[in-house]
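There are 2 protein chains.
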Amino acid sequence: MGGTTVKCGLFSTKGDLLEKWEIKTDISDNGVNILPDIAKSLENKLKEKGIAKEEIEGVGLGVPGPVDDNAVVAKAVNIHWGRKDLKQEMRDLIGLEAYASNDANVAALGEMWMGGAKGHENLILVTLGTGVGGGIIVKGKIIFGSHGAGGELGHTMAEPEEEELCNCGNKGCLEQVASATGIVRLAKKRLAKEHEKSKLDEGELSAKSIFDAYKEGDALAEEVVEKFAYYLGSALSRFSSVTDPEVIVIGGGMSKAGQPLLDVIEKYYKKYAFSSCKDTPIVMAKLGNDAGIYGAARLVL
Amino acid sequence: MGGTTVKCGLFSTKGDLLEKWEIKTDISDNGVNILPDIAKSLENKLKEKGIAKEEIEGVGLGVPGPVDDNAVVAKAVNIHWGRKDLKQEMRDLIGLEAYASNDANVAALGEMWMGGAKGHENLILVTLGTGVGGGIIVKGKIIFGSHGAGGELGHTMAEPEEEELCNCGNKGCLEQVASATGIVRLAKKRLAKEHEKSKLDEGELSAKSIFDAYKEGDALAEEVVEKFAYYLGSALSRFSSVTDPEVIVIGGGMSKAGQPLLDVIEKYYKKYAFSSCKDTPIVMAKLGNDAGIYGAARLVL
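So the sequences go chain by chain: A and B.
When we follow the numbering used here, the leftmost residue of the first sequence carries the number 1, and every step to the right adds one.
When we follow the numbering used here, the leftmost residue of the second sequence carries the number 1, and every step to the right adds one.
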């Protein structure tokens, strides 16, 4: 579920994606229609396919906010939700068993099941988009955490000197310096200071334009990307010392920057990681926008 | 097991410590005698008590080094071990099932079972001694990690400007600034610069003398303790965003500094922690040197 659309998928228990579709997210009235809309869409799909409810194992949900391991949401700002018991509500709405977790957590589970971390059961997923999301899997299971905040990697402190507030209310969060928005902030700050002529002086700044200039050898873009990679690589090295994953997976819109992105993150990761973890591979996510629906399905199974 | 002694305990399956004793650690010949010495001591204890081997559930071991969840040690520098399969060796030596983990991990398990984190099953233990040790428990189980490096919190990067090497080969590790040795380093660095008269100018510097001066309101000691607490509190806030524990437990020799230590760590923890985790309690370990034997026993059960 996102602030604009809810992505839906119908899966076989073997993990085949039989069909996918989207519905609009109706965030009016504190998002009171979202679950009923999902339930209706699922009922229609089952009717259309001639599938009986008894054949369905359950419904998996990925929520943009902290969720505990009883599928209770504490708060999901983007879809205007307060506390919500998803198991209870889905049972009432559609009579099926529901399972839920944070969106980055289910994406991590999806990447483990059918994506970049296939064949592993210990991983860290970091998604680099407007924000920085995180999902942690240990022995095949999501780390939910005792307040549903397991894997909230985007809000770990990365820059003690930061003066602007993060959306979360703290200052210096990883998200402020290592998301698509964050790298643009770093570039703007650098451009405001004295500098040699750079490709970044022209056109609109974006994570893409910065990485494009970086790949073309622009010196200022290089400085900005190295700084971004220092923040992200050192943060990943710290997370790695906590759960010691087999693989670290990079997802989200910024992952389109490809191998040069992985290379520069790895440079700083290796510098700071504990000896036993220095060779942990950093790989790309593979499922793109489908990671969430795969993971939500896996959550049920 | 430590570099000087092996602490041993005989436990009932309910968790009663029936007897404890110590034997010397023989680190000669790459520590080849350590396990046979332990086996012999256990055999003698059983004989003395008139307990048959069939009544014993197993042997739990805490090792000063990374251990995977098959009880295979990668390396344990302090006791001169290379790779060692503890399950196999103990089976050959004494015919009992053995279980093992890193010493800080078993201490965390002990504190969960019978100590400062009793009643919880999600916790982070940090021990502040000569080094900084870490143990992470999620849903009652140790996070071993895929290279036995789960919870290696002492070697996460805390100070990017650090110039001296840590024992681990990296620079800027938490252990270099937030252990008993680390806070003495911070104090020495500060004393080398211009400063007002301080209690720390006289006598030998130690974590104890620094905290004593801090409690007496010495301005320089305060500056040093605040810096130490910034490093430790911000590090704990990051670990907290990974596994989102119910409680954070502080152990090791430095914990003797008591409530003022907890208060100053909490100040920085609260500043940087993600909103859902800001109220996670930071408490003292309770089992002292016995945490390891309790946790090793729990590992078996």
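Every residue gets a Cβ at the ideal spot worked out from N, C-alpha and C, and that includes glycine.
Would you mind stating whether B:K87 and B:N70 have Cβ atoms separated by less than 8 Å? Indexing the second sequence from 1 puts residue 87 of chain B at position 87. Indexing the second sequence from 1 puts residue 70 of chain B at position 70. Yes, the Cβ-Cβ distance between B:K87 and B:N70 is below 8 Å.
What's the C-alpha gap between B:G116 and B:G65? The residue you call residue 116 of chain B lines up with position 116 of the second sequence. The residue you call residue 65 of chain B lines up with position 65 of the second sequence. Those two C-alpha atoms are separated by around 24 Å.
Minimum C-alpha distance to A:A302 - residue among A:E159, A:V249, A:M1: No answer is possible for residue 302 of chain A: it lies beyond the span of chain A, which begins at 1 and ends at 301.
Any idea if B:G251 is buried or exposed, counting beta-carbon neighbours within 10 angstroms, 16 or more meaning buried? In the second sequence, residue 251 of chain B corresponds to position 251, counting from 1. Buried is the label assigned to B:G251, since at least 16 other Cβ atoms lie within 10 Å of its Cβ.
Could you pull the start and end residues of the beta strand (DSSP E) that B:N102 belongs to? Looking up residue 102 of chain B in the second sequence gives position 102. Counted as a single uninterrupted DSSP element, the beta strand (DSSP E) harbouring B:N102 occupies residues 98-102.
Going by other Cβ atoms of all chains shown within 10 Å of its Cβ, with 16 needed for buried, is B:H147 buried or exposed? Here residue 147 of chain B refers to the residue found at position 147 when the second sequence is read from its first residue. B:H147 should be labelled buried.
Contact under 8 Å by Cβ, B:I79 with B:I248: Here residue 79 of chain B corresponds to residue number 79 of the second sequence, with the count starting at 1. Here residue 248 of chain B corresponds to residue number 248 of the second sequence, with the count starting at 1. No, the Cβ-Cβ distance between B:I79 and B:I248 is not below 8 Å.
Between the segment 40-52 of chain A and the segment 124-144 of chain A, are three or more C-beta pairs nearer than 8 Å? Too few Cβ pairs lie closer than 8 Å, so no.
Give a yes or no on whether 8 Å exceeds the smallest Cβ distance from A:F211 to chain B. Residue mapping note: residue 211 of chain A aligns to position 211 of the first sequence, counting from 1. Judged by the 8 Å Cβ criterion, A:F211 is not in contact with chain B.
Going by DSSP, what residue range makes up the beta strand (DSSP E) through B:M284? In the second sequence, residue 284 of chain B corresponds to position 284, counting from 1. It spans 282-284 - the beta strand (DSSP E) in which B:M284 sits, taken as one unbroken run.
Just to confirm my understanding: we take A:E19, look at its own chain, exclude 5 residues before and 5 after, and list those with CB closer than 6 Å. What are they? Along the first sequence, read from residue 1 onward, the residue named residue 19 of chain A stands at position 19. Same-chain partners within the cutoff: L10.
Could you tell me whether the segment 282-290 of chain A touches the segment 166-185 of chain A, where touching means 3 or more Cβ pairs closer than 8 Å? Between the segment 282-290 of chain A and the segment 166-185 of chain A there are fewer than three inter-stretch CB-CB distances shorter than 8 Å, so the stretches are not counted as touching.
Is it true that the CB of A:N33 sits closer than 8 Å to the CB of A:W81? The residue given as residue 81 of chain A occupies position 81 in the first sequence. The residue given as residue 33 of chain A occupies position 33 in the first sequence. No.
Can the beta-carbon of A:Y214 be found closer than 8 Å to that of A:P245? On the first sequence, position 214 is the one that residue 214 of chain A refers to. On the first sequence, position 245 is the one that residue 245 of chain A refers to. Cβ atoms of A:Y214 and A:P245: not closer than 8 Å.
Determine which residues share a DSSP beta bridge with A:E222 and list them. Taking the first residue of the first sequence as 1, we reach residue 222 of chain A at position 222. Beta-bridge pairing links A:E222 to no other residue.
Give a yes or no on contact between the segment 90-105 of chain B and the segment 49-67 of chain B, applying the rule of three or more CB pairs nearer than 8 Å. Short answer: they touch.
In the segment 78-134 of chain A, which residue ranges form an unbroken alpha helix (DSSP H) of at least 4 residues, counting only runs that do not cross its ends? Within the segment 78-134 of chain A, the complete alpha helix (DSSP H) runs of at least 4 residues are 86-94, 103-114.
From the DSSP output, read off the bridge partner residues of A:A74. The count along the first sequence starts at 1 and reaches residue 74 of chain A at position 74. Answer by DSSP bridge pairing: none, since A:A74 is not bridged.
For B:T5, the first and last residue of its enclosing beta strand (DSSP E): Counted from its first residue, the second sequence places residue 5 of chain B at position 5. B:T5: member of the beta strand (DSSP E) spanning 5-11, first to last residue.
Is there a Cβ of chain B sitting closer than 8 Å to that of A:R83, yes or no? Residue 83 of chain A sits at position 83 when you count from the first residue of the first sequence. Among the CB atoms of chain B, none fall inside 8 Å of the CB of A:R83.
So the candidates are B:T4, B:T5, B:G15, B:V177; which of them puts its Cα closest to the Cα of B:G295? The residue you call residue 295 of chain B lines up with position 295 of the second sequence. Residue B:G15 is the option with its Cα nearest to B:G295.
N- and C-terminal bounds of the beta strand (DSSP E) containing B:E19: Within the second sequence, residue 19 of chain B is the residue found at index 19, counting from 1. For B:E19, the enclosing beta strand (DSSP E) begins and ends at 17-24.
Residues bridged to B:C173 by DSSP? Numbered from 1 along the second sequence, position 173 holds the residue referred to as residue 173 of chain B. Within the DSSP secondary-structure output, B:C173 pairs in a beta bridge with B:M157.
Give the range of the alpha helix (DSSP H) segment to which A:G31 is assigned. The residue you call residue 31 of chain A lines up with position 31 of the first sequence. Bounds of the alpha helix (DSSP H) holding A:G31 are 28-31.
Sorry if obvious, but does the Cβ on B:M254 come closer than 7 Å to a heavy atom of the ligand NAP? Absent from the structure shown: the ligand NAP. Ligands present: none.
Applying the criterion that 16 or more other CB atoms from any shown protein chain within 10 Å of the CB defines a buried residue, is B:S12 buried or exposed? The residue given as residue 12 of chain B occupies position 12 in the second sequence. Burial call: exposed.
When the cut-off is 8 Å and only beta carbons count, does B:A74 lie next to chain A? Numbered from 1 along the second sequence, position 74 holds the residue referred to as residue 74 of chain B. It does; some Cβ of chain A falls within 8 Å.
May I ask you to list the residues that DSSP assigns as paired with A:I248? Here residue 248 of chain A refers to the residue found at position 248 when the first sequence is read from its first residue. Bridge partners of A:I248 according to DSSP: A:I124, A:I282.
Boundaries of the beta strand (DSSP E) in which A:G60 is found, first to last residue: What you label residue 60 of chain A is simply residue 60 of the first sequence in a count that begins at 1. For A:G60, the uninterrupted beta strand (DSSP E) segment begins and ends at 59-63.
Three-state secondary structure (DSSP) of B:K139: Here residue 139 of chain B is taken as the residue at index 139 of the second sequence, counted from 1. Note: B:K139 maps to coil in three-state DSSP.
By a C-beta neighbour count over all protein chains shown, 10 Å radius and 16 as the cutoff for buried, is A:I51 buried or exposed? Counting from one through the first sequence, the residue named residue 51 of chain A turns up at place 51. It counts as exposed.
Closer than 8 Å, Cβ to Cβ, to anything on chain A: give me those residues from the segment 149-162 of chain B, in chain order. Contact residues of the segment 149-162 of chain B toward chain A are A149, G150, G151, E152, L153, H155, T156, M157, P160 (C-beta to C-beta distance below 8 Å).
Coarse secondary structure for B:L191, derived from DSSP in three states: Numbered from its first residue, the second sequence carries residue 191 of chain B at position 191. DSSP places B:L191 in helix when its eight states are reduced to three.
Nonlocal neighbours in the same chain, by C-beta distance under 8 Å from A:T5, ignoring five residues either side: Numbered from its first residue, the first sequence carries residue 5 of chain A at position 5. Cβ neighbours of A:T5 beyond the five flanking positions: E22, I23, K24, T25.
Under a CB-based cut-off of 8 Å, is B:V242 close to chain A? For the purposes of this step, residue 242 of chain B is taken as the residue at position 242 of the second sequence. Closer than 8 Å to some Cβ of chain A, the Cβ of B:V242 qualifies, so yes.
Neighbouring residues, chain A, relative to B:C277 (Cβ below 7 Å): Taking the second sequence and counting its residues from 1, one reaches residue 277 of chain B at position 277. Close to B:C277, with beta-carbon spacing below 7 Å, are these residues of chain A in chain order: H147, A149.
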